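Number of protein chains: 2
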Amino acid sequence: MAETAGGGEDKLSQSTFAPLAAGFAGALGLEDDCAFLTPPAGEDLVLTTDAVAEGVHFFSDDLPADIAWKGLAVNVSDLTAKGARPIAYLLSLAFPERPEQAWLDGFSAGLAEAQAAFGIRLAGGDTDRRPGPLSVTVTAIGSVPQGRMVRRATARAGDLLFVSGTLGDSALGLMLRTDPGRAAELGLDTAGANALLGRYLRPDPPLALASHLISFATAAMDISDGLVKDCGRLARASGLAAAIDGGRLPLSRPAREVLDREPRLLAVVATGGDDYQVLAAVAPDRAEAFRRAAAESGVHVTEIGRLADGAGVTITGLDGRPLALGATGWDHFPP
Amino acid sequence: MAETAGGGEDKLSQSTFAPLAAGFAGALGLEDDCAFLTPPAGEDLVLTTDAVAEGVHFFSDDLPADIAWKGLAVNVSDLTAKGARPIAYLLSLAFPERPEQAWLDGFSAGLAEAQAAFGIRLAGGDTDRRPGPLSVTVTAIGSVPQGRMVRRATARAGDLLFVSGTLGDSALGLMLRTDPGRAAELGLDTAGANALLGRYLRPDPPLALASHLISFATAAMDISDGLVKDCGRLARASGLAAAIDGGRLPLSRPAREVLDREPRLLAVVATGGDDYQVLAAVAPDRAEAFRRAAAESGVHVTEIGRLADGAGVTITGLDGRPLALGATGWDHFPP
Numbered sequence: 247m248a249e250t251a252g253g254g255e256d257k258l259s260q261s262t263f264a265p266l267a268a269g270f271a272g273a274l275g276l277e278d279d280c281a282f283l284t285p286p287a288g289e290d291l292v293l294t295t296d297a298v299a300e301g302v303h304f305f306s307d308d309l310p311a312d313i314a315w316k317g318l319a320v321n322v323s324d325l326t327a328k329g330a331r332p333i334a335y336l337l338s339l340a341f342p343e344r345p346e347q348a349w350l351d352g353f354s355a356g357l358a359e360a361q362a363a364f365g366i367r368l369a370g371g372d373t374d375r376r377p378g379p380l381s382v383t384v385t386a387i388g389s390v391p392q393g394r395m396v397r398r399a400t401a402r403a404g405d406l407l408f409v410s411g412t413l414g415d416s417a418l419g420l421m422l423r424t425d426p427g428r429a430a431e432l433g434l435d436t437a438g439a440n441a442l443l444g445r446y447l448r449p450d451p452p453l454a455l456a457s458h459l460i461s462f463a464t465a466a467m468d469i470s471d472g473l474v475k476d477c478g479r480l481a482r483a484s485g486l487a488a489a490i491d492g493g494r495l496p497l498s499r500p501a502r503e504v505l506d507r508e509p510r511l512l513a514v515v516a517t518g519g520d521d522y523q524v525l526a527a528v529a530p531d532r533a534e535a536f537r538r539a540a541a542e543s544g545v546h547v548t549e550i551g552r553l554a555d556g557a558g559v560t561i562t563g564l565d566g567r568p569l570a571l572g573a574t575g576w577d578h579f580p581p
Numbered sequence: 247m248a249e250t251a252g253g254g255e256d257k258l259s260q261s262t263f264a265p266l267a268a269g270f271a272g273a274l275g276l277e278d279d280c281a282f283l284t285p286p287a288g289e290d291l292v293l294t295t296d297a298v299a300e301g302v303h304f305f306s307d308d309l310p311a312d313i314a315w316k317g318l319a320v321n322v323s324d325l326t327a328k329g330a331r332p333i334a335y336l337l338s339l340a341f342p343e344r345p346e347q348a349w350l351d352g353f354s355a356g357l358a359e360a361q362a363a364f365g366i367r368l369a370g371g372d373t374d375r376r377p378g379p380l381s382v383t384v385t386a387i388g389s390v391p392q393g394r395m396v397r398r399a400t401a402r403a404g405d406l407l408f409v410s411g412t413l414g415d416s417a418l419g420l421m422l423r424t425d426p427g428r429a430a431e432l433g434l435d436t437a438g439a440n441a442l443l444g445r446y447l448r449p450d451p452p453l454a455l456a457s458h459l460i461s462f463a464t465a466a467m468d469i470s471d472g473l474v475k476d477c478g479r480l481a482r483a484s485g486l487a488a489a490i491d492g493g494r495l496p497l498s499r500p501a502r503e504v505l506d507r508e509p510r511l512l513a514v515v516a517t518g519g520d521d522y523q524v525l526a527a528v529a530p531d532r533a534e535a536f537r538r539a540a541a542e543s544g545v546h547v548t549e550i551g552r553l554a555d556g557a558g559v560t561i562t563g564l565d566g567r568p569l570a571l572g573a574t575g576w577d578h579f580p581p
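Residue numbers (the numbering used here), protein chains in the order written: chain A, 247 to 581; chain B, 247 to 581.
Right, here's the structure in full:
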C-alpha cells in the first residue's frame, strides 16, 4: 500500500468538469464535498447506478467522447424505461494512471454532447487512481410524478409486449467490431456497417417515450442484456410467461440485410444486448393509443409478443418455428 | 473482449442484499432496475459519491465486514459534515472474480451494522466482474432543510475552527498496520494499539453533529485527506487564511501516548488522513453555544484555530513553533 489512505483520490478536476456542472446550481461548481438537489414538487426521484469498464463495455481504443456518451446513456436508458425525466448525475472515474489532458478533454466533450441530448447535468463526483481497467460509474437521478415510477413486476396476463426503436444493431455492430471481415461477407455497404458500429458506441435511449410509459405501460424496463434475457426478467418479476414473435422484431435497414443473408443471426439480435431500447407491457385495449402517442413524439414502438399466465420465455424464428433455448443460453439456431 | 456487452454485470444479488433494502420501500426489494425516493417535504437532498478500493483504501486481508463499513462510512461522513441526515445509498461493486458466498455474507453483515449505526438504507446498485482491485463505490443521499446545506466556501474572517472527536487515530493505526513493531517501540499496550487499528478500519462519523452544524457553522467539511490539506481547502474556498494550533489537536489516550514518546508524529496526526471527523468554522460569539449543543448530543468538539484574511494554512507544533510545510508536503519536522 504505497499510497496512504485517501491517496490517489480526489474530487473531479474543476477545470475539466466544472463547465459540465454549470447549469446545475446544487453542484456548487464542483467546489464542495457534496451537491444538493431541491426536488421538483410532487415528484418522486428515480435512482440508478451503472458502470462501464474498459474491456467489458468498451474497447481501449474507443474514443473518449464515445466512452463518456455510453457511460451516461446506459444510465439514462434505465431512467427512461421507468418513465423518469433525467435531472442530474454523479460521476465516479477510476484510472490505472493519470489520463492525458487530451483524453480528458475528449471525454468531457462527449459528456457535454450526451448531457445536451439527454437533458441532464453533472452534480458531482470523484476520481480515483488505481490498477485495473478504466471504469466510469454513473449514478443518475430522474423524476416522475409521485408514485408513478413504471415498474418491472406489474405486468398483467394478456398484456402486449412492445419494444422501442430497432433491436440488434449494437450486437451486430459489436460482431463487426471484433471481426471486421464479416461486413463484406454479410454484404453490408460502408454506411450500413458504420450505422451498426455507431449504435454499439452511442446508444440512444428513447427519452420521449418516458411520459407515455407512465400513461400506458403496466410494466417496463430497458433492454441492456438482450431482449430474451430482459423479457424473461420482466415476465418472471410479474409472475407471467412471455411469447415473442421473432419475425416481428423491429430491424434497421442494415440489420435486415444481415438477417436476409444469415437468418440464424436472429439469435444475435434477440440475445446480443446493448440495445438500450425500452420493453413495455401494455393492455391490449390501450395498445393503439400507446403506439399513436409514441409516434407523435417521434418514437416508433413495435408489438412483438404477449404475456400470459405461466412462466418462461418462448420466441419463434423467422420461419415461425420455436427457437430452442438451452439452460446456458442458445443451444440451437434454426438451419 | 471475451464477454459480450453487458456480460459480467448484474444487479445486486437479491438473496444477499435484499435484506439490507427491506426498510426502504423505494428499493422494491432490489427487484427493479431503479429505486424511487419520495423526498421529505421542505428538504433538499444532499448527494455524494466515494469509492474505496483494495490496495488504496483497505488491505486485501481486511475483513469484508470492515470493508463494507468503511465504504459506507466515508460517504456518510461527507453527508454529516454538510449537516445532512442520511437516507439511502446505492452500491456499485467491482470484483476481479466471483466472490465467495462467505465473503459476501461478511460484507453484507458489515453493511447491516453500518446501516443501523448511520440510519441509512440500501436503495439499489449493481455488481461488475472485471480485472483490477475489488472496489466499492457508494452514492449516498441525505437531506437538509431547504437551502441549508452547510458549504465549504462560506466561512468568514475571524471564525474559529473546530474539529469533532479526536484526530490522527486512523493514520497512526495505519502506521501500526504497515509496521507492527512500532506499537512496542511507542510503548503502546494492546488495548491502545487495537484502538488505533480499529479507527483505521471503522471510521465513525459524528452523525449527531449534523443538525448543530446547520445551526452554528458558517462552513464545514469532513476531514478525509488530513487536517492540514482539508483545512487548506476550506480556507481557500472561503478566500481566507487558516492558523492551526497543533498543541490543541484533540487526541485519544493512545495517540497522546504516541506523541509523548515521539512528538514529531504530530505531523502524522495533522496530515495522515482517514479521520472522518468534521472541520467546522464558527463565529466567535456562537462558539460556546456550539460546543455546548454538540456536547449535549454526545459529540466533543475542540477549538483548534482561527480563520483570517489572507491565504494558506499555518500550524504550530507541540512546542508552539511553526511546523514547516514545503511545496509537496511536509519537508521538515521539529527535532
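We put the CB at the ideal spot given by N, CA and C, even for glycine. As the structure is a prediction and not an experimental result, all values here were calculated from the model.
Consider the Cβ of residue i: report whether some Cβ of chain A lies at a distance smaller than 8 Å.
i, result
"residue 292(B)", "yes"
"residue 477(B)", "no"
"residue 569(B)", "no"
"residue 439(B)", "no"
"residue 507(B)", "no"
"residue 302(B)", "yes"
"residue 398(B)", "yes"
Using a Cβ-Cβ distance under 8 Å, would residue i count as near chain B?
i, result
"residue 309(A)", "no"
"residue 260(A)", "no"
"residue 237(A)", "The question about residue 237(A) has no answer, for chain A in this structure spans 247 to 581."
"residue 378(A)", "yes"
"residue 319(A)", "no"
"residue 523(A)", "no"
"residue 374(A)", "yes"
Comparing C-alpha positions only, which one of the options sits nearest to residue i?
i, options, result
"residue 496(B)", "409(B), 439(B), 483(B)", "409(B)"
"residue 445(A)", "465(A), 423(A), 330(A), 460(A)", "423(A)"
"residue 420(B)", "283(B), 519(B), 476(B), 371(B)", "519(B)"
"residue 355(B)", "310(B), 385(B), 396(B)", "310(B)"
"residue 295(B)", "391(A), 485(A), 372(A)", "372(A)"
"residue 556(A)", "481(A), 299(A), 298(A)", "481(A)"
"residue 379(A)", "315(A), 429(A), 307(A)", "307(A)"
"residue 512(A)", "494(A), 390(A), 359(A)", "494(A)"
"residue 532(A)", "437(A), 433(A), 463(A)", "463(A)"
"residue 396(A)", "327(A), 542(A), 343(A)", "327(A)"
"residue 329(B)", "344(B), 428(B), 466(B), 278(B)", "466(B)"
"residue 538(A)", "479(A), 383(A), 461(A), 487(A)", "461(A)"
"residue 339(B)", "275(B), 398(B), 263(B)", "263(B)"
"residue 406(B)", "477(B), 260(B), 266(B), 545(B)", "477(B)"
CA-CA distance, residue i and residue j?
i, j, result
"residue 335(A)", "residue 367(A)", "6 Å"
"residue 503(B)", "residue 470(B)", "23 Å"
"residue 522(B)", "residue 492(A)", "55 Å"
"residue 370(B)", "residue 293(A)", "8 Å"
"residue 536(B)", "residue 413(B)", "19 Å"
"residue 489(A)", "residue 316(A)", "30 Å"
"residue 298(A)", "residue 416(A)", "15 Å"
"residue 360(B)", "residue 552(A)", "44 Å"
"residue 455(B)", "residue 283(B)", "25 Å"
"residue 529(B)", "residue 403(B)", "9 Å"
"residue 562(B)", "residue 448(A)", "55 Å"
"residue 545(A)", "residue 377(B)", "38 Å"
Grouping DSSP H, G and I as helix and E and B as strand, with all else coil, what is residue i?
i, result
"residue 446(A)", "helix"
"residue 487(A)", "strand"
"residue 545(B)", "coil"
"residue 264(B)", "helix"
"residue 288(A)", "coil"
"residue 272(A)", "helix"
"residue 550(A)", "strand"
"residue 328(B)", "coil"
"residue 402(B)", "coil"
"residue 366(A)", "coil"
"residue 509(A)", "helix"
Could one say the Cβ of residue i lies closer than 8 Å to chain D's Cβ atoms, at least one of them?
i, result
"residue 371(B)", "Chain labels in this structure do not include chain D; the protein chains are A and B."
Practice item. Select from the region 269-295 of chain A all residues with a C-beta closer than 7 Å to any C-beta belonging to chain B, and list them in chain order. Key: 274, 277, 278, 279, 280, 281, 282, 283, 284, 285, 290, 291, 292, 293, 294, 295
**Study point:** Residues from the region 343-372 of chain A in contact with chain B, defined by Cβ distance under 8 Å
**Key:** 369, 370, 371, 372
Check your understanding: When Cβ atoms are compared, which residues of the region 452-470 of chain A fall closer than 7 Å to chain B?
Key -> 467, 468, 470
Check your understanding: Got a sec: which bits of the region 400-416 of chain A sit with their beta carbon under 9 Å from any beta carbon on chain B, in order along the chain?
Key -> 416
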